[in-house]
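Counting from 23, one number per residue, gives the positions in the sequence shown under the working numbering. Using N, Cα and C, we set each Cβ at its ideal position, and we do this for glycine too. Just so we're clear, the structure is a prediction, and the values are computed from it rather than from any experiment.
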Amino acid sequence: MGKPTGFLEYVRELPLDRSAQNRIRDWNEFHEHMDEKKLREQGARCMDCGIPFCHSGTLVSGMASGCPINNLIPEWNDLVYRGLWREALDRLHKTNNFPEFTGRVCPAPCEGSCVLGINAPPVTIKNIECTIIDHAWEKGWVVPEAPKKRTDKKVAVVGSGPAGLSAAAQLNRAGHWVTVFERSDRPGGLLMYGIPNMKLDKEKVVLRRLKQMEREGVAFRCGCEVGKDVTSAELLAEYDAVVLTTGATKPRDLPIEGRGLKGVHFAMEFLHGNTKALLDQTPPPITAEGKDVVIIGGGDTGTDCVGTSMRHGCRSLVQVEILPRPPEKRAKDNPWPEWPKTYKMDYGQEEAAAKYGADPRVYLTTAKKFISDDQGNVSGVHLVQIKWDKNEKGQFVPVDIPGTDRIVPAQVVLLAMGFLGPEQGLLDGLGVERDPRSNVKADHGKFTTSIPKVFAAGDCRRGQSLVVWAFNEGRGAARECDQFLMGTTSLP
Numbered sequence: 023m024g025k026p027t028g029f030l031e032y033v034r035e036l037p038l039d040r041s042a043q044n045r046i047r048d049w050n051e052f053h054e055h056m057d058e059k060k061l062r063e064q065g066a067r068c069m070d071c072g073i074p075f076c077h078s079g080t081l082v083s084g085m086a087s088g089c090p091i092n093n094l095i096p097e098w099n100d101l102v103y104r105g106l107w108r109e110a111l112d113r114l115h116k117t118n119n120f121p122e123f124t125g126r127v128c129p130a131p132c133e134g135s136c137v138l139g140i141n142a143p144p145v146t147i148k149n150i151e152c153t154i155i156d157h158a159w160e161k162g163w164v165v166p167e168a169p170k171k172r173t174d175k176k177v178a179v180v181g182s183g184p185a186g187l188s189a190a191a192q193l194n195r196a197g198h199w200v201t202v203f204e205r206s207d208r209p210g211g212l213l214m215y216g217i218p219n220m221k222l223d224k225e226k227v228v229l230r231r232l233k234q235m236e237r238e239g240v241a242f243r244c245g246c247e248v249g250k251d252v253t254s255a256e257l258l259a260e261y262d263a264v265v266l267t268t269g270a271t272k273p274r275d276l277p278i279e280g281r282g283l284k285g286v287h288f289a290m291e292f293l294h295g296n297t298k299a300l301l302d303q304t305p306p307p308i309t310a311e312g313k314d315v316v317i318i319g320g321g322d323t324g325t326d327c328v329g330t331s332m333r334h335g336c337r338s339l340v341q342v343e344i345l346p347r348p349p350e351k352r353a354k355d356n357p358w359p360e361w362p363k364t365y366k367m368d369y370g371q372e373e374a375a376a377k378y379g380a381d382p383r384v385y386l387t388t389a390k391k392f393i394s395d396d397q398g399n400v401s402g403v404h405l406v407q408i409k410w411d412k413n414e415k416g417q418f419v420p421v422d423i424p425g426t427d428r429i430v431p432a433q434v435v436l437l438a439m440g441f442l443g444p445e446q447g448l449l450d451g452l453g454v455e456r457d458p459r460s461n462v463k464a465d466h467g468k469f470t471t472s473i474p475k476v477f478a479a480g481d482c483r484r485g486q487s488l489v490v491w492a493f494n495e496g497r498g499a500a501r502e503c504d505q506f507l508m509g510t511t512s513l514p
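See the structure below:
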């Protein structure tokens, strides 16, 4: 710790984002970087805690508390304060294969459990992480590092999202021949098509790292769906081990009246199609331009739908959230180091507020039916306010409040209510055992499925979760797979 009084001398500061009114005119990333002097001061705020909860990587009340990949945060904060950028990069890469991804899209549970955050604004961990890796790319320090020695083992990774990429990177590092199967036309999974470009640039950030992995020896087979283009039997026969990282891509539906109307879409149809169109330089298959948009769901996916709709030039926007508005400060039943369930506006809501004058979210509200025009298109959404009451079993359930019904106009409705688990076709073909939630049954830490030499990691094993948890699981599955193949492992 280079500055024992840093947390007393410096206040929390973040670099300014591009203005909301300007950034909705393009698809470029909206975050800016802070100058080095200011960033080093932010690193000095790290207070050399007796127990640094920021990298504990545990679950508290079912939510991430601290960094799930156990980033060595106090160490690289101190190195940044000292101006030792190369050493900071080495410490960052020791636990994280892709810090440029987590530095952009992770919700930063590390900051939620920062000890300084007990009675002051926490350290700007996420911004420091992102700046370290971006600085390293600019300096040319991030270069392909092919393994010095190859084994004769071949591993198939099914799915190229966060868990698949981290598993592939680690298994390649161990010297195995790794092939990643991806059914889309480009690798990256959620990172490529599930997160919009203004939040995570595809050409400058995602493809840059994927190209590095290819130069290190990882093979990507895109447009190849296991179970259709390649059978499960062929996969098991050709490879010494298989790692399933297919994600939890089955969306939660809203089967209310009018669900089949034209203009009602799952969020990922909208987001995937938009990013693909952007990369292919073609018109998006679903556009919000000049339309009234209703987004049902208040999480990160809903926010991404807000930001994308704003850039399309929507006429109006309402985001429906069935839960109550969070408090401004931690509630008594939400103490540190739990994830702080407090009110904040993410980038999408900031943009909508800048254009329309208010946060677009309506809380304690649900949709009852979709209204049709005379041609089978959605024209509006029937909303009603709710309250949460206990039923006869003591469970909290939403109850409609009489007299609060209203209809809002909508020509585009986007369902962003989360995901129910992995798609079952491939899993049925392999015959792997599932848990009661339809996820692949495999213990965390072992990642072994009911089929010999088949491992599972990420959202297809644990259910919908954070990108950083997928990195944790991909690395863990790679370690166990290497142990299985070689009888020993040196992977972390």
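Cβ contact annotation for Phe493 (same chain, cutoff 6 angstroms, sequence separation greater than five): Ile91, Pro184, Ser188, in chain order. Three or more beta-carbon pairs separated by less than 8 angstroms link the stretch 499 to 510 to the stretch 458 to 476, which places the two stretches in contact. Under DSSP, the beta-bridge partners assigned to Gln341 are Ile317, Arg383. Within the DSSP bridge table, the entry for Gln407 names Thr387 as partners.
Annotation for Lys313: Cys336, Arg337, Gln433, Val434 place their beta carbon closer than 7 angstroms to its own, counting only its chain and skipping 5 residues before and after. Looking at Glu414, Val145, Ala389, the one whose alpha-carbon comes closest to that of Val406 is Ala389. Of all alpha-carbon atoms in Leu213, Lys176, Glu54, Lys412, the one lying nearest the alpha-carbon of Gly186 is that of Leu213. Taking the Cα positions, Gly440 is about 8 angstroms away from Gly319. Counting only residues of its own chain and dropping the five nearest sequence neighbours on each side, Gly295 has a CB closer than 6 angstroms to the CB of Pro306, Pro307, Ile308.
Classified as exposed, Ile140 has fewer than 16 neighbouring CB atoms from the shown chains inside 10 Å of its CB. Exclusion of the five residues before and after Ala130 leaves Ile147, Lys148 as the residues of its chain whose Cβ lies within less than 8 angstroms of its Cβ. Judged by DSSP in its simplified three-state form, Arg126 adopts helix.
Close CB contacts of Pro209 within its chain, under the 7 angstroms cut and outside five residues either way in sequence, are with Ser182, Val202, Leu232, Phe242, Cys244 (chain order). Sequence-distant Cβ neighbours of Glu260 in its own chain, meaning closer than 8 angstroms and more than five residues away, are Lys176, Ala178.
Residue nearest to Cys132 within the set Trp491, Ala499, Val340, Glu63 is Trp491 (criterion: CA-CA distance).
For Gly443, same chain residues with a beta-carbon under 7 angstroms away, outside a window of 5 residues either side, are Ala270, Lys272, Arg459, Ser460, Asn461, Gly485 in chain order. The DSSP-derived three-state label of Arg459 is coil.
Under a 10 Å Cβ-count criterion, His334 is classified as buried, with 16 or more other Cβ atoms of the shown protein chains found around its own Cβ.
In the DSSP assignment, Asp100 falls within the unbroken alpha helix (DSSP H) covering 95 to 103.
For Asp427, the closest of Pro26, Arg274, Leu386, Arg45 by C-alpha to C-alpha distance is Leu386. Short of 8 angstroms from the beta carbon of Ile423, and not among the five residues preceding or following it, lie these beta carbons of its own chain, in chain order: Val406, Gln407, Ile408, Lys409.
Glu238 and Asn194 do touch by the CB rule: their CB atoms are close to 6 angstroms apart, below 8 angstroms.
Annotation for Asp422: the continuous beta strand (DSSP E) segment containing it runs 418 to 422. Linking Ala196 to Pro514 through their CA atoms gives a straight-line distance of about 11 angstroms.
Look at Thr325 here: in three-state DSSP terms it is helix. Apart from sequence neighbours up to five positions away, the residues of its chain that approach Gly79 with a beta-carbon distance below 6 angstroms are Gly88, Cys89, Pro90, Asn92, ordered along the chain. Bounds of the beta strand (DSSP E) holding Met85 are 85 to 87. In this chain, the beta strand (DSSP E) harbouring Pro431 covers 428 to 431. Ser254 counts as buried, since no fewer than 16 other beta carbons sit within 10 angstroms of its beta carbon. In this structure, DSSP gives His77 a helical state, which the three-state scheme calls helix.
Inter-segment contact for the stretch 68 to 76 and the stretch 104 to 124 is absent: fewer than three beta-carbon pairs are separated by less than 8 angstroms. The DSSP assignment places complete alpha helix (DSSP H) segments of no fewer than 4 residues inside the stretch 34 to 70 at 42 to 45, 58 to 66, in order along the chain. Its chain contains Trp49, Thr297, Leu300 as the residues whose beta carbon lies nearer than 7 angstroms to that of Asn219, once the 5 sequence neighbours on both sides are disregarded; these appear in chain order. As summarised for the stretch 179 to 252, the continuous alpha helix (DSSP H) elements at least 4 residues long and confined to that stretch are 184 to 195, 229 to 237, given in chain order. Taking 7 angstroms as the cut-off, the beta carbon of Pro96 is found closer than this to the beta carbon of Cys68.
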